[in-house]
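As given, the protein sequences belong to chains A and B, one line each in that order.
Quick note on this note's numbering: the first sequence kicks off at 104 and runs consecutively.
Quick note on this note's numbering: the second sequence kicks off at 104 and runs consecutively.
2 protein chains.
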Amino acid sequence: MPALQNDTLIRALLRQPTPYTPVWLMRQAGRYLPEYKETRRRAGSFLALCKTPSLAAEATLQPVERFPLDAAILFSDILTIPDAMGLGLYFAEGEGPRFERPLRDEASVSRLRAPDPARDLRYVTDAIFETQRALAGRVPLIGFAGSPYTLACYMVEGGPSDDWHVMKTMLYSRPDLLHRLLGTNARAVADLLNAQMDAGVQAAMIFDTWGGNLSAEAYREFSLAYIAEVLSRLRRERNGIRIPVIVFTKGGGQQLEAIAASGCDCVGLDWSTSLGEARRRVGTRVALQGNLDPAVLLSSPDVVRREALRALESFGSGPGHVFNLGHGIDQLTPPENVAALIAAVHESSPKFHPQT
Amino acid sequence: MPALQNDTLIRALLRQPTPYTPVWLMRQAGRYLPEYKETRRRAGSFLALCKTPSLAAEATLQPVERFPLDAAILFSDILTIPDAMGLGLYFAEGEGPRFERPLRDEASVSRLRAPDPARDLRYVTDAIFETQRALAGRVPLIGFAGSPYTLACYMVEGGPSDDWHVMKTMLYSRPDLLHRLLGTNARAVADLLNAQMDAGVQAAMIFDTWGGNLSAEAYREFSLAYIAEVLSRLRRERNGIRIPVIVFTKGGGQQLEAIAASGCDCVGLDWSTSLGEARRRVGTRVALQGNLDPAVLLSSPDVVRREALRALESFGSGPGHVFNLGHGIDQLTPPENVAALIAAVHESSPKFHPQT
C-alpha cells in the first residue's frame, strides 16, 4: 500500500499538529450525488451495491473525485453484520432496512454466531482492496461498523422505529438475554473492524446511532460497555502505524466524558453539543469530530460559510478537530453547498493552527 | 374554587417538604385508557374532543378517577394556538397533526397575530371551569402550552417531521423571519397560559418537544430565549397563591443549567438525563420532574416497581422531585402497569422524605 500523500485526518485524530482542519462528511458517498444514483441504478439495489466490491469502491471514490475531501469512507452498511448472521436483510422501498427473521426469543439469540469476515463478509474487505488501489494513497480510507447496541436495535425490532419499544421491552424485561446478544455483536463488530484494518483502512469509526435513546444508566450498561469491549479487541495498528478509532453516539452529548474514557481516539459529536464546551469537558484526552447541523447544507453557500466558521471558532485554536457534520448528509443537499463547505473549512481553518 | 385537599404536587414544585414524592404522567389522559377511547369515539374526532369543554373535562378526569394520581392535567393540545391563528389544524389518520396553511413566506408570518384567548380559545378556559367543578379540590389541575419554537416547527413545516428541514432552512437562511414568528408565538403562549391561570389551573407546563433538535447555540437563541420571554410575561399567582411553572425540553439535558436559569420553578427531564446528576448540576435552584423511560411501562409490574425505585434513588433524599415519565405515555401501555407505578412511587418514596 502506498504511503499517504495527505495524512491530515490521521494526524488530527491523534491530536498531532496539522496545517489546517481536515474535513470529511458522514454519508458523503450517497444520494445527493447524481453519479451515486447512476451507480446505484446499475447495481440494481442498495444491497447489491454494498455486496459488489467494484461498485462499492466506485461509490466510495465519487465524493473524493468531486471534492477535495481529506478522507474517503468505505461505502457499506452497518447491517451487513446481522445479514451475515442470517437474519435476512432487505430494504422495503421508502421504509429503510428490515430483517426477515428478527430476534424475538431466547432460542434465536442463543443460535446467533459472530460471522467469519474472511468467509461471510469477504465483499467488505475486497471493496477495501479495490478502493485502496484506486485511491493510490491520496487520502486515508475510513472503515466502520455499527455499535453492538445499534445493531441489536435493528435485529430485535426488525427494522427502524421511533421508540424502539420491542428492543426496550427486552432490555427492561430480559436484560440477561440482551447482554448475551450484545456480547455476540461485540465479537462480530471487533472481528469485522480487525478484518477492515488488516485489509487496509487507515482509521475506523463505530456508529452508535441509537444509544442516545437510552437512559443514562442503560446507555453505559448496554451500549458504551460493549463499544469499550470492541475497542479492547481491536489491533489498531498495521506495520507499526496507529489506526485511530472514532466513536459516535448520536444524542450522546451528556455521556461525553464516559465516551472519551472508553478507549477511543476521537469522539464524534452531533450538533446538539457545542464543540467548545465539549473540548472544555474532555480536555486533551481525545480528538473531537463534528458537528455541523446537516440542515445547514440545505441553505446557501453564504450561510454554509458562516456556519462553518462558527464551528471552527467554537472548537478554537489547536490540534484535535476533524470537521464533519453532526449526522449523515441529507439526500436533498445541493452538491455546490458541499463544495462551499469544504472550501470554507480549508480556507478558514489555517488560522486556528498556528505553527508551534 | 375549593382549597386543595392534596397540594403535594404544588409543594414539590416549589421545593417545599412533602411526605412523599408526588406523581403524575405526561399524556395520562389518553389512548391507553379504554374509557378515553369511548369519550374520543363520542366526540367524533380528536379536535372535537379538545374543543368540547364537557368532553375535555371528562377526559381530564378519567385517569384521576382510576388512579391515585397527585395531579390532573388539562386535556387539550399544544396546536390549539396556531389553529386559533387561522392555520387550519387537522389530523390525518395515523399521520399526526397537519396544517392546511403552513407559514412559508414573509407575508404569512407578517399577517400572524396572537389570538385573544377570551374570544378564540374560550373552549380551553371553559374546560378548566368544568374540570375544576368536577375535581372539587381533590388534586391540582395543571395547564399547559407548547413552547414558541415547538409551535413554530409545526407551523412552518406543516406537520411532524423527522428532521424539521423546512423549519431549519428558515432558521439558517431567514433568522429574522423566524424571530418575528417566535415573538408572536411567545405573546400567544403567554396570553393563553395567563388565561389558564385566571381560569383556575394551579400549575402550568411549557412543552418544548422539538427544541432538543437544535444546536446548542440555536437552542438558546431560538427556543430558550422565547420560553424565558413567556415566563417573564406570566402572572404566576392567583389570590396571592403562587402558580409554579415547569419547563420541559425533550432532548435538552445538555442545556439543563440554562433552562434552570430561565425563570421556571421546575425543569422536566427526559430519561436520557440522570436525575441524580441533574440535581448535582442545578443544586437548589429548581425542582426536577421526571424521568422514567415510558418503555418501562410496557414491561411488567415487577419491572415497573424496580425502575421506579431506581429513579427515586437516583434523585435521592429531600424535596423538589415530581415523579413523571420522561415523555408521554405510550398508547400500548397496560393500565395495570400504571397502577403499579403510582403505587410504587407512593409506597417507596416516603423514606426519601425524612421529617425535617
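Quick reminder that beta carbons are idealized off the backbone N, C-alpha and C, glycines included.
All of these numbers come straight from a predicted model, not from anything done at the bench.
| Asked | Found |
| --- | --- |
| Could you pull out every residue in the same chain whose Cβ sits closer than 8 Å to the Cβ of V370 of chain A, ignoring the five residues on either side in sequence? | I349, V350, F351, L359, I362, A363, A381, V385, V389, A390, L391, Q392 |
| Any heavy atom of the ligand GDP within a distance shorter than 7 Å of the CB on T376 of chain A? | Looking for the ligand GDP in the displayed structure turns up nothing, as the structure carries no ligands at all. |
| Identify whether P200 of chain B lies in helix, strand or coil by the three-state DSSP scheme. | strand |
| Taking 8 Å as the CB-CB limit, is L206 of chain A close to chain B? | no |
| If the cut is a Cβ gap below 7 Å, which residues of chain A does T163 of chain B touch? | Result: empty, since nearest Cβ-Cβ is about 25 Å, beyond 7 Å. |
| Looking at C-alpha atoms only, which residue of B:H456, B:S420, B:L327, B:T155 is the closest neighbour of V227 of chain B? | B:T155 |
| I'd like to know whether the C-beta atoms of C153 of chain B and A160 of chain B end up nearer to each other than 8 Å. | no |
| Could you spell out the range, first to last residue, of the beta strand (DSSP E) harbouring F310 of chain A? | 306–311 |
| Taking the beta carbon of Y252 of chain B as the centre, do at least 16 other beta carbons fall within 10 Å, making it buried, or is it exposed? | buried |
| So what does T352 of chain A bridge to, in DSSP terms? | A:D311 |
| For the putative contact between R241 of chain B and N109 of chain B, defined by C-beta atoms under 8 Å, what is the C-beta separation to the nearest angstrom? | 6 Å |
| Establish whether the CB of Q357 of chain B and some CB of chain A are separated by less than 8 Å. | yes |
| Strictly under 8 Å for the Cβ-Cβ distance: is D266 of chain A near chain B by that measure? | yes |
| What residues are listed by DSSP as bridge partners for A248 of chain A? | A:I309 |
| On the premise that V292 of chain B lies in contact with G246 of chain B, defined as a C-beta separation below 8 Å, what is that separation, rounded to the nearest angstrom? | With a Cβ gap of about 11 Å, G246 of chain B and V292 of chain B do not count as contacting. |
| Given I184 of chain A, which residues of its chain have a CB within under 8 Å of its CB, disregarding the five upstream and five downstream residues? | P218, L224, A248, G249, L254, N288, A291, V292, L295 |
| Would you call the segment 426–444 of chain B in contact with the segment 396–411 of chain B, where contact means no fewer than 3 C-beta pairs closer than 8 Å? | yes |
| Identify the continuous beta strand (DSSP E) that holds G371 of chain B and give its terminal residues. | 369–371 |
| In chain order, what residues of the same chain lie with their CB nearer than 7 Å to the CB of A187 of chain B, ignoring the 5 residues before and after it? | P218, D223, L224 |
| Mapping DSSP to helix, strand and coil, what is V242 of chain B? | coil |
| Any idea if I346 of chain B is buried or exposed, counting beta-carbon neighbours within 10 angstroms, 16 or more meaning buried? | buried |
| Residues of chain A with a CB under 8 Å from the CB of D433 of chain B: which are they? | D266, H268 |
| Which runs of the beta strand (DSSP E), 3 residues or longer, sit entirely within the segment 388–453 of chain A? | 390–395, 424–428 |
| Is any beta-carbon of chain B found at less than 8 Å from that of A398 of chain A? | yes |
| Drop a sphere of 10 angstroms on the beta-carbon of A414 of chain A, count the other beta-carbons inside from all chains shown, and report buried for 16 or more, exposed for fewer. | buried |
| Could you list which residues in chain A have their beta carbon closer than 8 Å to that of V406 of chain B, in chain order? | Y275, S276 |
| Going by C-alpha distance, which of A:P125, A:R323, A:R336 is nearest M300 of chain A? | A:R336 |
| Using CA coordinates, which residue listed in A:R216, A:A307, A:S403, A:F325 is at the minimum distance from W313 of chain A? | A:F325 |
| Can you tell me whether DSSP reads I181 of chain B as helix, strand or coil? | coil |
| Provide the residue(s) that pair with F194 of chain B in DSSP beta bridges, ordered along the chain. | B:P200 |
| Between H449 of chain A and G261 of chain B, what straight-line distance do the alpha-carbon atoms span, to the nearest angstrom? | 37 Å |
| For L182 of chain B and Y123 of chain A, what's the separation of their Cα atoms in angstroms? | 47 Å |
| Check distances from the C-beta atoms of the segment 244–267 of chain A to those of chain B and list, in chain order, the residues that come in under 8 Å. | D266, W267 |
| Chain A beta carbons: is any one of them nearer than 8 Å to that of W374 of chain B? | yes |
| With P422 of chain B and R118 of chain B assumed to form a contact (beta carbons below 8 Å), what rounded beta-carbon distance in angstroms separates them? | 5 Å |
| Name the residue from B:F310, B:S402, B:L327, B:A162 whose alpha carbon lies nearest to the alpha carbon of V441 of chain B. | B:S402 |
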